[in-house]
Structures are given as C-alpha cells and as structure tokens.
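So the number in the numbering used here is just where the residue sits in the first sequence, counting from 1, plus 15. Note that CB positions come from ideal geometry on N, CA and C, so glycine has one too.
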Amino acid sequence: MLDVRLIRTDFEGVRAALTRRADPTILEQLDHASSLDGRLREIIAERDGARRKVNEFSKTVGRLRTAGDTAAAQAAMATSREFGETERGLTAEHDEVSEALRQVLLRIPNLAHPDVPDGTGEGDNPLVKGPVNMPDAFADHQRVPHWETATALGILDNERAAKISGSMFTMQRGLGATLARALCQLALDNNADAFEEIRPPTLVTTATLTATGQLPKFADDAFAIERDDLWLIPTAEVPLTSLYAGEILDEAALPALLMAHTSCFRREAGSAGRDTRGMLRTHEFDKVEILAVALPEQAPALLAEMTARAERTIASLGLPYRIIEICTGDLGQSHHRSFDIEVFAPGTDCWLEVSSVSWFSDYQARRADIRFRRRGKSGTEIAHTLNGSALAVPRVWAAIIENFRQPDASVTIPDVLVPYMRGATSIAPR
RNA sequence: GGAACGAUGGCAGAGCGGCCAAAUGCAUCCGCCUUGAAAGCGGAAGGGUUCACGCCCCGGGGGUUCAAAUCCCUCUCGUUCCGCCA
Numbered sequence: 016m017l018d019v020r021l022i023r024t025d026f027e028g029v030r031a032a033l034t035r036r037a038d039p040t041i042l043e044q045l046d047h048a049s050s051l052d053g054r055l056r057e058i059i060a061e062r063d064g065a066r067r068k069v070n071e072f073s074k075t076v077g078r079l080r081t082a083g084d085t086a087a088a089q090a091a092m093a094t095s096r097e098f099g100e101t102e103r104g105l106t107a108e109h110d111e112v113s114e115a116l117r118q119v120l121l122r123i124p125n126l127a128h129p130d131v132p133d134g135t136g137e138g139d140n141p142l143v144k145g146p147v148n149m150p151d152a153f154a155d156h157q158r159v160p161h162w163e164t165a166t167a168l169g170i171l172d173n174e175r176a177a178k179i180s181g182s183m184f185t186m187q188r189g190l191g192a193t194l195a196r197a198l199c200q201l202a203l204d205n206n207a208d209a210f211e212e213i214r215p216p217t218l219v220t221t222a223t224l225t226a227t228g229q230l231p232k233f234a235d236d237a238f239a240i241e242r243d244d245l246w247l248i249p250t251a252e253v254p255l256t257s258l259y260a261g262e263i264l265d266e267a268a269l270p271a272l273l274m275a276h277t278s279c280f281r282r283e284a285g286s287a288g289r290d291t292r293g294m295l296r297t298h299e300f301d302k303v304e305i306l307a308v309a310l311p312e313q314a315p316a317l318l319a320e321m322t323a324r325a326e327r328t329i330a331s332l333g334l335p336y337r338i339i340e341i342c343t344g345d346l347g348q349s350h351h352r353s354f355d356i357e358v359f360a361p362g363t364d365c366w367l368e369v370s371s372v373s374w375f376s377d378y379q380a381r382r383a384d385i386r387f388r389r390r391g392k393s394g395t396e397i398a399h400t401l402n403g404s405a406l407a408v409p410r411v412w413a414a415i416i417e418n419f420r421q422p423d424a425s426v427t428i429p430d431v432l433v434p435y436m437r438g439a440t441s442i443a444p445r
C-alpha cells in the first residue's frame, strides 16, 4: 500500500508515476483517495479537539473532587459529557471515511521504479538477456511433450494423482520424484551461503495472508480450511514475509536473507481447462523461495543479486533460458521492479516462466508493518522487501524432460543433479 | 477438549479508576572523570500522527465511566495441570 502522505505531499508526482501503468481507472482511484484523505483530516482535527475538551474537563473533575467541591465537579462532568457526545459522532464518521480510504488505498498499485520500461502489457516486456544455451534447432526426439515422455518412463502418474485428489494434481514416481527433490536440494544448496533456511508453516491465518496482499483481493486463488480459519500458502513468500511482520528490526540485522522449500497450493480459479496436461499448472507444487528484508539503499543491489542467483541455478542445469524485464503495463500490483526467467521447452514449444524476482520497495512492508531503526537515529522507517523463486519444480522438471530427451526416449540428468540423484545419470525406459 | 494463571517500553518488571506514556533494574546513547577503558557521577532516550498545539497507542476487539494500563465481556497467544494422541 502506498503512503498516504506521499499522495498528500507529491500528488502530481504520484499521479505521473501511476500514469505509466497504462490503466486510467488507477488514476480515478488516486483522485478518490486524495479527496477522502482531505475529508478525513478535517474530521480528525475536529474529533481531536473534542477529545481534548473531554480530557481537560475530566481532569478538572478529579481536581474538584479532591478539593471537595462537589457541585463544580458535577458541572464539569456534564460539560465533559457533552463533548463526549460530539466526539462519539465524529469518531463514527472518522471510522467510516478511514475505512473507505483504506479500501481505495489497498487497490492502488505500487509506483514503478523509474528504470522500469514503459509498456501496456505482456507484449512490451523487453528481453534483457539471452536466449542463452539455445540451440540452432531442436531434434525430433526433443519435440515430445514432457507428459508423454514422463508417463512412458513411468516417472509421472497423473492419472492416479487425479484418482487420489482430482484434476490438476500431479504425482512423480521413482526417479521422477527423486528429480523433483533433487532440484529443490540444488536450489537450497546454491543459496545456503547467504540465505538462512527456514521450514515455515504451510497453513497460515487470515491475518498472515492479508499482510502479503493475497487477501482480500485474491481469495479465490487460495485454498481455505474454513473450519479452522486457515489458508494453504500459495508461495513461501507468505510466511517468510510475515516472519518479521509487526516488528521493528535493528539496522544491523538487515538485510535479512531467508529461503524456504515448501509446497505451494493454488486453486487456479479461472484457468480450468488451461495447461491441464503435464505439470505446467497444478494445484500443488514445490518451490524454493528466496526473500530479503532490506534497507532501502540495499534493495537495488539485492534485486540484481537475487536475479543472478536464480539465473545461475537455471544456467547450471544447461537449460535454454532468457531473462525479461516486466514493463509498467504488466508489473504486478505490489511490484516496484521485476525480472522473469523463462526456460524453453521444445516439447510443448513455448517459453515457461520459471522464476520471477521482484522488488516491492516499501509497499508490502508497509502493509505487513515491517520497520527498522537506524543506529543513533530516533524513529523508524519502513523496510524494503524483495523475493523471488530460486527454483520452481514443475516447469523446470518439465523442461529437463523435454530438453534432455534422447533418441532412445531416455532422459539424461544434468551433471549438477547427479549427486542428488543417488548417482543416476539418466532415466531410461524400463 | 477441560481448568487455572498470565500478556505493560529493546529485555526484565512495578503500577489505589483521575496527579500514568507509565516507577525501578539491565541494556543503549551523550557528557564528566581517566593516558585509554572499566567502575563511579551527571544527563538523554518508547511508538504513531501532526507544520505545531494536540490526539492516539499498556496483546486484539468491544463495553461501563465525566475519566480505563487499572473494572466488565470477548478473541488471540503464552505458561502450568488434566484428558486425548501421532
């Protein structure tokens, strides 16, 4: 959520920045927020004046009582009560306007970083690197969708996954399951030099899911356990970001670098029937997430570093990949700047987004109330947050199966994964 | 699931309904002393909002009252005991 004070003090600047998002309705919301804020401030001034009177007369009552002047005390009580009535009315009005303002503010997206390229949508996302490892041409044996190859190899059993849990669930078997776990292990090991490994809960409270912005707007996308008022996390970003929610951190503790391997659960509402085959879109998948809580001045370098880390893992697997930057028209609601890594899957003949690394500036931390204190300075500042997928299993798994499929229908395991595969160098037909 | 108790500033820990944004200790910061440090002495210092006055914040929410950290209700969390159980 944006800082209302910024809207107040630099309305034109905020307006100009939001114009770049190429969505006129955002500007209407901004105007609305600004007028609500103006009204709210008037109400607050009046209400606080009334409160001041109540406080003053209440103290007078105390003094008169101790002095023994009962009659005067009674009079002061009556006056105070009158101001109390006024205060009550103003408070009701305040709460109403304040809530309306909050609702509008929650819908206004983050300001894009000045360096983010302008654009109106996905098609305007510029390529910033690659394609890397891209062969001139793919052989016929690579032009087979991973679900066909994997099912034939006996390492993917989506039919039985559907029997157990319904559609859009997957199940890996044998070396396929090992491969999925190996990918997570690789990603964790690649980042353990700097990131603290966390094993967070995967069921979280409504408050937690709201702090990162999934609620209330994206309630339909998350699985809920209504009976216990808990939600299944769509990404480890949720518990990791909330780790320090409501806390005031010491400057010296930043950046706090965290990573976690968790299952991720997504209802994928609205995408029924899309990508239903294979592993491109599933209700449950594994992912290793890296996250940083940082000082504002540390954030740009961290964005670059975290993107580089995600890239390094993909590159080490030998997969064809490219990096694109997200333009203003495609930037996520809470994102300040984002980079996506995509790998090419020759069997399904498309680029797959396997990682997205984003800088949220203070937009997310303001909502989650993550602050820090600078040494020797009084007061607090809102921290900056960044996160990204170090590795998301299903699409990388699929890309490995398709890219490294051999003429004999076996799949060669990338060298870096062999130590995690109990020495297996390929997955061969039985 | 049942019962009892608890939740106050970075930590610990006081707090008769009014003189409480809140004692005290530790930690922190500044100064004095010292060659330097420790000790000692003196001082500063919670958060939010506001140009400021002020207003708000004692786990969250609600209530009683002229006035709530203090009384009542409720929720959450914690500790201990009982029950149940991987």
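Residue ranges of each alpha helix (DSSP H) run of no fewer than 4 residues wholly in the segment 244 to 279, ordered along the chain?
Listed in chain order, the complete alpha helix (DSSP H) runs (minimum 4 residues) inside the segment 244 to 279 are 252 to 257.
If you measure between the beta carbons of F359 and P146, is that distance less than 8 Å?
Yes, the pair counts as a contact, with Cβ atoms nearer than the cut-off.
Have a look at the DSSP bridge pairing and note the partners of E299.
Its beta-bridge partners are F280.
Excluding the 5 residues flanking L21 on each side, which residues of the same chain have their C-beta closer than 7 Å to its C-beta?
Around L21: V29.
Which stretch, first to last residue, makes up the alpha helix (DSSP H) that contains N206?
Segment 190 to 206, the alpha helix (DSSP H) holding N206.
Which one of Q379, T220, E368, D110 has the shortest CA to CA distance from H448?
This structure leaves residue 448 out entirely; the chain is present only between 16 and 445.
Could you check whether the segment 193 to 204 touches the segment 236 to 244, counting it as contact only if at least three pairs of C-beta atoms, one from each stretch, sit closer than 8 Å?
With a cut-off of 8 Å, the segment 236 to 244 and the segment 193 to 204 do not count as touching, because too few Cβ pairs lie within range.
Going by beta-carbon coordinates alone, are L310 and E262 separated by less than 8 Å?
The answer is no: Cβ separation not under 8 Å.
Which residue marks the beginning of the alpha helix (DSSP H) containing S376, and which one marks its end?
Counting along the chain, S376 falls outside any alpha helix (DSSP H), and DSSP gives it neither H nor E.
Work out the CA separation of S73 and L306 for me, nearest whole Å.
So the alpha carbons of these two residues sit roughly 51 Å apart.
Here's the rule: buried if 16 or more other CB atoms are within 10 angstroms of the residue's CB, otherwise exposed. What is R67?
R67 should be labelled exposed.
DSSP state of K144, grouped into three classes?
Residue state, collapsed to three classes: strand.
Does DSSP put L402 in a helix, a strand or coil?
The question names Leu, but residue 402 is Asn in the sequence shown. Here N402 sits in strand by DSSP.
Can you tell me which of W412, W246, I59, R337 puts its alpha carbon nearest to the alpha carbon of K144?
It is R337.
Taking 8 Å as the threshold (C-beta atoms), are I248 and T217 in contact?
Yes, Cβ-Cβ distance for T217 and I248 is below 8 Å.
Which residue wins for smallest C-alpha separation from F419, given the options T343, L334, W246, V308?
Here the closest residue by C-alpha is L334.
So, helix, strand or coil for L310, using DSSP?
In the structure shown, L310 sits in coil (DSSP, three-state: anything other than H, G, I, E or B).
In whole angstroms, give me the CA-to-CA distance for V411 and R117.
V411 and R117: Cα-Cα distance of roughly 40 Å.
Does DSSP classify S49 as helix, strand or coil?
DSSP places S49 in helix when its eight states are reduced to three.
Are at least three pairs of beta-carbons, each pair with one atom in the segment 394 to 408 and one in the segment 366 to 375, less than 8 Å apart?
Touching, per the Cβ criterion.
Starting from the Cα of R389, find the closest Cα among R382, T427, L224, A398 and give me that residue.
Ranking the options by Cα distance to R389, first place goes to A398.
For the beta strand (DSSP E) containing F387, list its first residue and its last residue.
It spans 386 to 388 - the beta strand (DSSP E) in which F387 sits, taken as one unbroken run.
Rounded to whole angstroms, what's the CA-CA distance from D110 to T185? Just pull it up for me.
If you take the alpha carbons of D110 and T185, they lie about 47 Å apart.
Mind checking T227: buried by the 16 CB within 10 Å criterion, or exposed?
Buried, by the Cβ-count rule.
If A48 and V119 are in contact, beta carbons under 8 Å, what's the gap, nearest whole angstrom?
That belief holds up - the Cβ atoms of A48 and V119 are roughly 5 Å apart, short of 8 Å.
When DSSP builds the beta bridges, which residues end up paired with R337?
E357, per the DSSP bridge assignment.
I'd like to check one pair, I442 with L332: are the Cβ atoms closer than 8 Å?
It is not a contact, given that the beta carbons lie outside the stated cut-off.
Which one or two residues does DSSP pair with I213 in a beta bridge?
A275.
Cβ atoms of A275 and I329: under 8 Å apart, would you say?
No, the pair does not count as a contact, with Cβ atoms beyond the cut-off.
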